[in-house]
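In the working numbering, the protein residues as written are 3 to 175.
For glycine and all other residues, C-beta sits at the position ideal for the given N, C-alpha and C.
Okay, structure first, notes after.
Structure below.
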């Protein structure tokens with residue numbers, strides 16, 4: 003599995019918004035500038051995050067983007083699924099079963115003059131290994147929430163308005 007570049011960008015967006023004072027929407031153009039992406043590309047990422055009820059846009063002169071929930075209620079799995087989708091990494095098309103399923107085992111053994119054919123761990127079970135790995139991967143992502151990875155000050159979550167910083171300190175090239 004190869005994650006889309008937009009996954010890292012989405013994590014950065016959610017982390018920025020996790021620190022942003024939720025009463026003050028963050029302007030989209032500042033987020034796009036900070037990430038070094040176009041506003042149209044940012045909009046595509048935001049649509050996916052909004053579809054997963056992670057962010058919402060606020061219209062108007064002082065509008066922008068805000069989180070829909072507390073950062074401690076948004077897991078890395080939520081962000082992953084919003085961008086990558088919740089479909090399985092590996093799809094079982096039935097090909098392995100078609101190729102290696104010995105439903106005519108006796109005929110097969112007779113043709114090749116085999117005394118026995120041991121297939122306690124058939125090739126078809128390999129897909130179960132992928133499914134198990136994916137399940138563990140998703141479980142691990144679900145254990146960490148955005149609030150856990152955000153910086154703190156005096157043992158309190160950092161909460162500020164990024165606008166001043168982002169306008170005065172553009173992202174390094």
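In this structure, the beta-carbon distance from residue 53 to residue 27 does not fall below 7 Å. Residue 82 sits close to residue 143, with the two beta carbons spaced by under 7 Å. The continuous stretches of alpha helix (DSSP H) do not include residue 162, and DSSP gives it neither H nor E. Membership of residue 44 in the alpha helix (DSSP H) is indicated by the continuous run 41–53. Less than 7 Å separates the beta-carbon of residue 85 from that of residue 8. Residue 173 places its beta carbon less than 7 Å from that of residue 38. In the three-state DSSP reduction, residue 100 falls in the helix class (H, G or I). Between the alpha carbons of residue 69 and residue 55 lies a distance of about 8 Å.
The stretch 155–162 and the stretch 8–18 do not touch, with fewer than three beta-carbon pairs separated by less than 8 Å. Residue 18 counts as buried, since no fewer than 16 other beta carbons sit within 10 angstroms of its beta carbon.
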